[in-house]
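According to numbering that gives the first Met the number 0, the sequence shown is numbered sequentially starting from 0. Cβ atoms here follow ideal geometry from the backbone N, Cα and C, with glycine treated the same way.
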Amino acid sequence: MHMIHKAGDKMYVDFTGEKLYIVDKETGEIIAVEVFVAILGASQLTYVEATASQKKEDFIMACENALHYFQGVPSAIVPDNLKSAVTKSSKYEPTVNETFADFAEHYQTAILPARAYHPRDKALVEGAVKIVYSRIYTAIDNKTFFSIEELNHAIGQELVVYNGKLITGRNFSRREQFEEVERAALMPLPLFRYEFKKQQILTVIKNGHICLSTDKHYYSVPYRYISKKVKVIYSPTTVEIYYRYELIASHNRIKSPYNYTTVTEHMASAHRFVSEWTPEKFIKWAAAIHPDVQLFITNILERKKHPEQSYKSCMGVLSFEKKVGRDRLIKACQRALGYGIYNYKIIQNILDNKMDQFSDDEKQEQLAIPAHENIRGEDYYQ
Numbered sequence: 000m001h002m003i004h005k006a007g008d009k010m011y012v013d014f015t016g017e018k019l020y021i022v023d024k025e026t027g028e029i030i031a032v033e034v035f036v037a038i039l040g041a042s043q044l045t046y047v048e049a050t051a052s053q054k055k056e057d058f059i060m061a062c063e064n065a066l067h068y069f070q071g072v073p074s075a076i077v078p079d080n081l082k083s084a085v086t087k088s089s090k091y092e093p094t095v096n097e098t099f100a101d102f103a104e105h106y107q108t109a110i111l112p113a114r115a116y117h118p119r120d121k122a123l124v125e126g127a128v129k130i131v132y133s134r135i136y137t138a139i140d141n142k143t144f145f146s147i148e149e150l151n152h153a154i155g156q157e158l159v160v161y162n163g164k165l166i167t168g169r170n171f172s173r174r175e176q177f178e179e180v181e182r183a184a185l186m187p188l189p190l191f192r193y194e195f196k197k198q199q200i201l202t203v204i205k206n207g208h209i210c211l212s213t214d215k216h217y218y219s220v221p222y223r224y225i226s227k228k229v230k231v232i233y234s235p236t237t238v239e240i241y242y243r244y245e246l247i248a249s250h251n252r253i254k255s256p257y258n259y260t261t262v263t264e265h266m267a268s269a270h271r272f273v274s275e276w277t278p279e280k281f282i283k284w285a286a287a288i289h290p291d292v293q294l295f296i297t298n299i300l301e302r303k304k305h306p307e308q309s310y311k312s313c314m315g316v317l318s319f320e321k322k323v324g325r326d327r328l329i330k331a332c333q334r335a336l337g338y339g340i341y342n343y344k345i346i347q348n349i350l351d352n353k354m355d356q357f358s359d360d361e362k363q364e365q366l367a368i369p370a371h372e373n374i375r376g377e378d379y380y381q
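Below you can see the structure in the form of structure tokens.
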């Protein structure tokens, strides 16, 4: 069947069967490299690039470079059934590789895999491959290249010549036909290039985070997903976390090992409360009860080398407001200030023994040191 190609409709892509070679400068080893070919249906403008492999990273990068070479995006990309493009081939509904599908979505184009064992579905690119052998391979055949970059520079120079030559039997070149009929039909390129994404299946640990092993950095997940298995898709700049195809968390990627990126809303209410503990929070809380309570809490905080050492003591003291009432807590703090002792235990003892309810005389009696034969007097050290 004669195929009529609509301008801006399809870009056909494939790898050549024959490889090119580069030489390792240090070892002299000859390294085979793959050659990617892309061609637009209507104008037959062709793009060629050497890649390290046919893996999806190299394949997707080559497809993206082709789109930028053409300076526009066609309605569909037609690949062969290589694994980097198609996970499972099918006569009716092939399964497109998830990363390749994400790439296509970024460029707002579709993927239309050719049928397996049907070379006529991609006859245009098959023909382009044969021409690449005769026009480009032969032109660089006797040259030695020490890197893929050098090789691609030489391919690029030959590509300019190839696309600028008149098509056999026509009075125009591929480049001229592209400029006249196809450039305007292509969709515009997005503002940013595609960021290649990788994925991992991870379990949310008990503290409500996942650990991205690549960076050894921890990212928070809503606490209800603790112990669940989630899919983590990450690019050089973002980390997205999915549970059953639903996006449940998104973070900027931070390559800082053994550190945490935490969204407050992801934490359980109790954890969130603890994470917000600061000296200022406790002092403000105490001031709302009574100035003497504020003074007692301030003394607790000041008597530790690090404020966090006293957070639990402060929390314990202030929690007595609910247990015994505001008035008793105020009196207990006032009595403890008189003793010059600043910790949770003194408040607990005062309240347990109801010393906050004693009169001043009873207070002095409680503070008096009992006589005891084992207690040394002041004359002992004379």
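With the rule of 3 Cβ pairs closer than 8 Å, the segment 8-16 counts as touching the segment 31-46. Around the beta carbon of V47, 16 or more other beta carbons lie within 10 angstroms, which makes this residue buried.
The beta carbon of A287 is closer than 8 Å to none in its chain, skipping five residues each way along the sequence. Per the Cβ contact rule, the segment 220-230 is not in contact with the segment 174-193 (fewer than 3 Cβ pairs under 8 Å). Between G339 and M266, the gap from beta carbon to beta carbon reaches 9 Å or more. In the structure shown, I253 adopts coil according to DSSP, grouped into three states. Note: V160 is not bridge-paired with any residue in the DSSP secondary-structure output.
Exposure of A183 is indicated by the presence of fewer than 16 other C-beta atoms within 10 angstroms of its C-beta.
Here T45 is bridged, per DSSP, to I38. The beta carbon of Q70 sits closer than 8 Å to the beta carbons of R182, L185, L188 from its chain, once the five residues preceding and following it are set aside; these are given in chain order. One Cα belongs to K283, the other to V72, and the distance between them is close to 60 Å. In this model, L44 and T26 are separated by some 38 Å (Cα to Cα). The residue from V316, K142, A84, K330 with its alpha-carbon nearest to that of Q347 is V316. Boundaries of the alpha helix (DSSP H) harbouring I282: 278-286, taken from the DSSP string. Take N64, set aside five residues on each side of it, and the residues of its chain with a beta-carbon closer than 7 Å to its own are E48, in chain order. Around the beta carbon of T98, a 10 Å sphere encloses 16 or more other beta carbons of the protein chains shown; the residue is thus reported as buried. Linking E28 to T260 through their CA atoms gives a straight-line distance of about 45 Å. In this chain, the alpha helix (DSSP H) harbouring S312 covers 310-323. Using a 10 angstroms sphere on the CB of L150, the tally of other CB atoms reaches 16 or more, which defines it as buried. Ranked by Cα distance from I30, the first of G126, S146, S312, C62 is S146. H289 carries a coil assignment under DSSP once its states are collapsed to helix, strand and coil.
Look at the beta carbons and you see the segment 125-132 not touching the segment 105-113: under three pairs across the two are nearer than 8 Å. Put simply, the backbone Cα of K24 is about 25 Å away from that of M60. Between T236 and Y132, the CB-CB gap reaches or exceeds 9 Å. S226 carries a coil assignment under DSSP once its states are collapsed to helix, strand and coil. Taking each of H67, N96, L81, N141 in turn and checking the Cα distance to Y106, the smallest one comes out for H67.
Using a 10 angstroms sphere on the CB of R302, the tally of other CB atoms stays under 16, which defines it as exposed.
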